[in-house]
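In our numbering, the protein residues as written are 41 to 170.
Set out below in structure tokens:
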């Protein structure tokens, strides 16, 4: 599996895990109203809280990077290094986001070297009208 796909799969797995973690945190909170939590339950609460925080932060950062990449591509087609200069985002984050945008049908890349990326025409119209 390519590295960018591994990272995307990890993000998806954490995102799917998040509602379960939040439910467990609520259950622990309810339990704490009824009695003192055990040391194991306190450790779980700490771990669940950290995981939920990391997933939220990752989702926020990913969303911001995605929006900045789309905004840059609305102005003009670009290579990864041009997107890095325009947005200030790391090339690896750009690569990972482009993978998702291409997979989602929002962006296409040409066959050139280096590859130039642009918005799919229907996405470009939707975002300029919205």
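C-beta atoms are modelled at their ideal positions from N, C-alpha and C, and glycine is treated no differently.
In the three-state scheme derived from DSSP, where H, G and I count as helix and E and B as strand, residue 118 is classed as strand. The DSSP-derived three-state label of residue 152 is coil. The beta carbon of residue 92 is closer than 8 Å to those of 58, 61, 62 and 65 in its chain, skipping five residues each way along the sequence.
Cβ-Cβ separation between residue 54 and residue 95: approximately 5 Å, consistent with a contact (criterion under 8 Å). Taking a contact to require three or more Cβ pairs closer than 8 Å, the segment 112-119 and the segment 74-88 do not qualify as touching. The beta carbon of residue 106 sits closer than 6 Å to those of 137, all from its chain and outside the five residues before and after it, given in chain order. In the structure shown, the three-state DSSP call for residue 71 is helix. In the DSSP assignment, residue 158 forms a beta bridge with 148. Going by beta carbons, residue 156 and residue 145 fall outside the 8 Å limit.
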